[in-house]
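Our numbering applies: residue 195 is where the sequence shown begins, and numbers increase by one. All C-beta atoms, glycine included, are put in the ideal place defined by N, C-alpha and C. Working notes for the structure below.
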Amino acid sequence: MSKTIRLTMAQALTRFLSRQVTEIDGKKVPIFGGVWAIFGHGNVAGIGEALYEVRDELPTFRAHNEQAMAHAAIAYAKANFRRRFMAATSSIGPGALNMVTAAALAHVNRLPVLFLPGDVFANRIPDPVLQQAEDFSDGTATVNDCFRPVSRYFDRITRPEQIIPALSRAMQVLTDPADCGPVTLSLCQDVQAEAYDYPESFFAERVWHQRRPRPDRHELAAAVAALKGAKKPLVIAGGGVLYSQASDELAKFVQGAGIPVCETQGGKSSLPDDHPLNMAAVGVTGTSAANRLAEEADVVLAIGTRLQDFTTGSWALFKKSGKTIIGLNVQPFDAGKHRALPLVADAAEGLAELGAALKGWKAPASWTDNAAVGKKAWQAEAAKVTASTNAAYPSDAQVIGAVQRAMGSGVTLLHAAGGLPGELHKLWQAGAPGSYHAEYGFSTMGYEIAGGLGTKMAKPDDEIVVMIGDGSYLMLNSEIATSVMLGLKLTIVLLDNRGYGCINRLQMATGGANFNNLLKDSRHEILPDIDFAAHAASMGAIAEKVPSIAGLENALEKARKNNRTTMLVIDTDPLVSTDAGGHWWDVAVPEVSARAQVNAARKAYDEKRQMQTIGD
Numbered sequence: 195m196s197k198t199i200r201l202t203m204a205q206a207l208t209r210f211l212s213r214q215v216t217e218i219d220g221k222k223v224p225i226f227g228g229v230w231a232i233f234g235h236g237n238v239a240g241i242g243e244a245l246y247e248v249r250d251e252l253p254t255f256r257a258h259n260e261q262a263m264a265h266a267a268i269a270y271a272k273a274n275f276r277r278r279f280m281a282a283t284s285s286i287g288p289g290a291l292n293m294v295t296a297a298a299l300a301h302v303n304r305l306p307v308l309f310l311p312g313d314v315f316a317n318r319i320p321d322p323v324l325q326q327a328e329d330f331s332d333g334t335a336t337v338n339d340c341f342r343p344v345s346r347y348f349d350r351i352t353r354p355e356q357i358i359p360a361l362s363r364a365m366q367v368l369t370d371p372a373d374c375g376p377v378t379l380s381l382c383q384d385v386q387a388e389a390y391d392y393p394e395s396f397f398a399e400r401v402w403h404q405r406r407p408r409p410d411r412h413e414l415a416a417a418v419a420a421l422k423g424a425k426k427p428l429v430i431a432g433g434g435v436l437y438s439q440a441s442d443e444l445a446k447f448v449q450g451a452g453i454p455v456c457e458t459q460g461g462k463s464s465l466p467d468d469h470p471l472n473m474a475a476v477g478v479t480g481t482s483a484a485n486r487l488a489e490e491a492d493v494v495l496a497i498g499t500r501l502q503d504f505t506t507g508s509w510a511l512f513k514k515s516g517k518t519i520i521g522l523n524v525q526p527f528d529a530g531k532h533r534a535l536p537l538v539a540d541a542a543e544g545l546a547e548l549g550a551a552l553k554g555w556k557a558p559a560s561w562t563d564n565a566a567v568g569k570k571a572w573q574a575e576a577a578k579v580t581a582s583t584n585a586a587y588p589s590d591a592q593v594i595g596a597v598q599r600a601m602g603s604g605v606t607l608l609h610a611a612g613g614l615p616g617e618l619h620k621l622w623q624a625g626a627p628g629s630y631h632a633e634y635g636f637s638t639m640g641y642e643i644a645g646g647l648g649t650k651m652a653k654p655d656d657e658i659v660v661m662i663g664d665g666s667y668l669m670l671n672s673e674i675a676t677s678v679m680l681g682l683k684l685t686i687v688l689l690d691n692r693g694y695g696c697i698n699r700l701q702m703a704t705g706g707a708n709f710n711n712l713l714k715d716s717r718h719e720i721l722p723d724i725d726f727a728a729h730a731a732s733m734g735a736i737a738e739k740v741p742s743i744a745g746l747e748n749a750l751e752k753a754r755k756n757n758r759t760t761m762l763v764i765d766t767d768p769l770v771s772t773d774a775g776g777h778w779w780d781v782a783v784p785e786v787s788a789r790a791q792v793n794a795a796r797k798a799y800d801e802k803r804q805m806q807t808i809g810d
């Protein structure tokens, strides 16, 4: 009989997590970077005590909001290209439910995170316990069932020995490149404290390596044939390029074949912005250089992308009749989208084999040259909209230009939701792979500061710049205090347009009246006059409101030398966005309205819908 050790379920869980390692650049490192925890009655005595026992091997970090700590954990995994990740534990009830939004974010973005929410008593003797939501018709239901649709794997631990198969399955999902995403192990609070004789072998060190599946020979042959027949081929680089660390293979492939590249939000920085074949952003928030090529392309090699509506212009962007899409993706679900020729493989492995099979073949020089002309024209347009200004209320683009000039392309730029993703996708000049960190898969307001914190934990030597709007800041800002407490410096640029400026512009574009988005257009007795700098300073940050673009650039230069989180606030114009580039996006306009503006918008909407390629 194998040797056993008597531990509580929670002790077994934390000991197991501390023994899982990975190998990066030839060096073994813990695969879990730590555990984020906010304790309550549903986890403090069980997993809380267990985490204390392994605090030197598996560090625990305290946050101020459960959703925010989960965002930090997810950003950590993204910044590590999914090679390392974190866990997050909360108590039963509202603490657990606060993490569900983050779970959905991780699910959409294919990012690994382990959720460990407390749950009801498995023995049900003290039911209903504090924070338990009772289902009148189902005695087994708990609020943690909300995690089921947004978890790749879900399990409720009702006996201490169940943690053995559950943790093994959790690790398989967290490390699988195709199924990667959030795992939820719902921990009944009495079971956390129950003991069991666990086999010592369960706690042996295990090294996990990134699986890199190679393409099927039939799928590879079909992809090669399609590319060899292309006159106007185009590559779309998605987040899978970065998760695979395939930037070098991508550069080698497109240089050899002379194929221009455009990037999704998740794939931006797959190639540096100054790479001659990089046409930058594609789709709704794309550059004119990229979108013009997408409209004409006869073969589109989509690498590691979900092909969501912002990338495809709601399936109105790819206009070439008879076009072929090749879906190079580690996940078959994504590889076969929109009748694509699937090429199921790791991005780096797939590109290497495609490159070898295409050796000696190049796209027509006229196509590649045409792309270069388009890029030059776009760069001139971008320079105009990002140029310095003396305007009292500069545009988002002009603020982006100031940040770029002051901080350069060597920083890691992080943002999410609202108007900034659209402008940054087009205008930010990214440098190294992973230096552009966007959460736009789930478009989660409030991700930015917590995400910046997790990114800084993953990249402690990098300068992390967070760009955020006032609306998103007001939703979730508490981890400024955590960044100060942990000595993890962020540089935060807050653009204050006094409301939800992005959605206000969309409201106007669809014929709507200015209503309930900008503060001035919302029901109020007194308009708020929020001192964001004072608020950030109250949490320990160095904070300043700057009067102008020039003032912002000067303040950013100083911020580089600061030893703790710095926030710079600047007033901006809520109505201005960049006209250059971009593409139509399908936002349904009411068919019937008493307002002429809505009726006109509906007519334009019906005309635009004719561009969509249904079924493609």
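In this structure, the beta-carbon distance from Val-455 to Ala-488 does not fall below 8 Å.
Around the beta-carbon of Tyr-437, 16 or more other beta-carbon atoms lie within 10 Å, marking it buried. Counting of Cβ neighbours within 10 angstroms places Ser-508 among the buried residues, the total reaching 16 or more. The DSSP-derived three-state label of Cys-340 is helix. Setting aside the 5 residues that flank it on each side, Thr-481 is surrounded in the same chain by Met-473, Ala-474, Ala-475, Trp-572, Lys-620 and Gly-775, each with a C-beta closer than 7 Å to its C-beta; the list follows chain order. Within the same chain, Cβ atoms closer than 6 Å to the Cβ of Gly-287 are found at Gln-325, the five residues on either side in sequence being excluded. Counted as a single uninterrupted DSSP element, the beta strand (DSSP E) harbouring Leu-688 occupies residues 685-690. Taking the C-beta atoms as reference points, Ile-643 is found no nearer than 8 Å to Ile-658. Segment contact: the stretch 362-380 against the stretch 300-307, three or more CB-CB distances shorter than 8 Å; contact assigned. For Gly-312, the enclosing beta strand (DSSP E) covers residues 307-313. If you draw a straight line from the Cα of Ala-559 to the Cα of Ile-674, it comes to about 51 Å. Between the alpha carbons of Ala-496 and Ser-732 lies a distance of about 46 Å.
Counting only the Cα atoms, Ser-285 lies some 5 Å from Gly-234.
Around the beta carbon of Pro-654, fewer than 16 other beta carbons sit within 10 angstroms, so the residue counts as exposed. Assignment of Met-601 by DSSP, reduced to helix, strand and coil, places it in the helix class. Non-local beta-carbon contacts of Ser-589 in its own chain, meaning distances under 6 Å to residues more than five positions away in sequence, involve Asp-767 and Val-770 in chain order. For the set Pro-322, Ile-319 and Met-280, the Cα lying nearest the Cα of Leu-310 is the one of Met-280. In this structure, Met-601 is the residue among Met-601, Ala-271 and Ala-586 with its C-alpha nearest to the C-alpha of Lys-752.
If only complete runs of 4 or more residues are kept, the stretch 555-605 shows the alpha helix (DSSP H) at 559-580 and 590-601, in order along the chain. The Cβ-Cβ distance between Val-524 and Ala-372 falls below 8 Å.
Inter-segment contact for the stretch 697-714 and the stretch 679-687 is absent: fewer than three beta-carbon pairs are separated by less than 8 Å.
Looking at the DSSP output, Pro-654 sits in no beta bridge, so it has no partner there.
Across the structure, Asp-563 and Leu-211 are spaced so that their CA atoms are roughly 52 Å apart. The Cβ atoms of Arg-276 and Ile-225 do not sit closer than 8 Å to each other.
In summary, Ala-574 is exposed, with fewer than 16 beta-carbon neighbours lying within 10 Å of its beta-carbon over all protein chains present. For Asn-793, the closest C-alpha among the options Val-763, Gly-706, Ile-743 and Ser-742 is that of Gly-706. In this structure the stretch 512-530 does not lie against the stretch 390-401, because fewer than three pairs of beta carbons, one per stretch, are closer than 8 Å. When the alpha-carbon of Thr-772 is set against those of Ile-594, Asp-492 and Gly-516, the nearest one is in Ile-594.
The three-state secondary structure of Gly-227, taken from DSSP, is strand. DSSP, read as helix, strand or coil, puts Gln-804 in coil. Proximity of the stretch 415-426 to the stretch 226-245 falls short of the contact definition, fewer than three beta-carbon pairs being nearer than 8 Å.
Taking all protein chains shown into account, Trp-622 has 16 or more neighbouring C-beta atoms within 10 Å of its C-beta and is therefore buried. A Cβ-Cβ contact shorter than 8 Å links Gly-665 with Met-639. Comparing alpha-carbon positions, the option among Gly-645, Val-783 and Pro-615 lying closest to Glu-260 turns out to be Gly-645. Annotation: the continuous alpha helix (DSSP H) that includes Ile-357 extends over 357-369. Considering only Tyr-694, Lys-556, Ala-565 and Ala-652, the residue with the shortest C-alpha distance to Ala-611 is Tyr-694.
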